[in-house]
Amino acid sequence: MSDDLLEAGKQLRAEVIGQERHDAAMKNATPFDLPFQELALRYCWGEVWGRPGLSRKIRSMVNLGMLVALGKPNELKIHVRGALTNGVTKDEIQEIFLQTCIYCGVPAAGEAFRVAKEVFAEPEFADR
Numbered sequence: 001m002s003d004d005l006l007e008a009g010k011q012l013r014a015e016v017i018g019q020e021r022h023d024a025a026m027k028n029a030t031p032f033d034l035p036f037q038e039l040a041l042r043y044c045w046g047e048v049w050g051r052p053g054l055s056r057k058i059r060s061m062v063n064l065g066m067l068v069a070l071g072k073p074n075e076l077k078i079h080v081r082g083a084l085t086n087g088v089t090k091d092e093i094q095e096i097f098l099q100t101c102i103y104c105g106v107p108a109a110g111e112a113f114r115v116a117k118e119v120f121a122e123p124e125f126a127d128r
């Protein structure tokens, strides 16, 4: 079962963040962090993201709010891309970040808007 979750996680992550980014993460894994990569693939992507209870779009929206609250701009950038891939619109991302401004604070939301603008400027997301 663990290998099934690992393979499901690899496929799902590649679909959400893009095959090229998934492949780069796996290629850049070292013996030190490969166990972490595999754990995240099995349980984050294979087990939780693979559950039927929420759509990928809703999971992406939830993740955006949590990552703003946690102040994790590197992960936020990955998940803004994933959210766009999962059908979250730029207008919806704007609303999520405005909501986080009230509950997480102006600096956290300001950082989120900055990160999102960087992603929106990337050629593959500029026209969405």
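Following UniProt numbering, the numbering of the sequence shown begins with 1 at its first residue and continues without gaps.
By construction, the Cβ of each residue, glycine as well, lies at the ideal position given by its N, Cα and C atoms.
Computed from a predicted structure; not experimentally measured.
V88 places its beta carbon 8 Å or farther from that of L76. Boundaries of the alpha helix (DSSP H) harbouring S60: 56 to 70, taken from the DSSP string. Here the C-alpha atom of E38 lies approximately 35 Å from the C-alpha atom of V106. Apart from the 5 residues on each side of it in sequence, C104 sits with its Cβ closer than 7 Å to the Cβ of V68, A69 in its chain, given in chain order. Excluding residues up to 5 positions away in sequence, A83, N86, G87, V88 lie with their Cβ nearer than 8 Å to the Cβ of K57 in the same chain. The C-beta of R51 has fewer than 16 other C-beta atoms within 10 Å across all chains shown, which makes the residue exposed. Collapsing the DSSP output to three states places D33 in coil. Boundaries of the alpha helix (DSSP H) around D91: 90 to 104.
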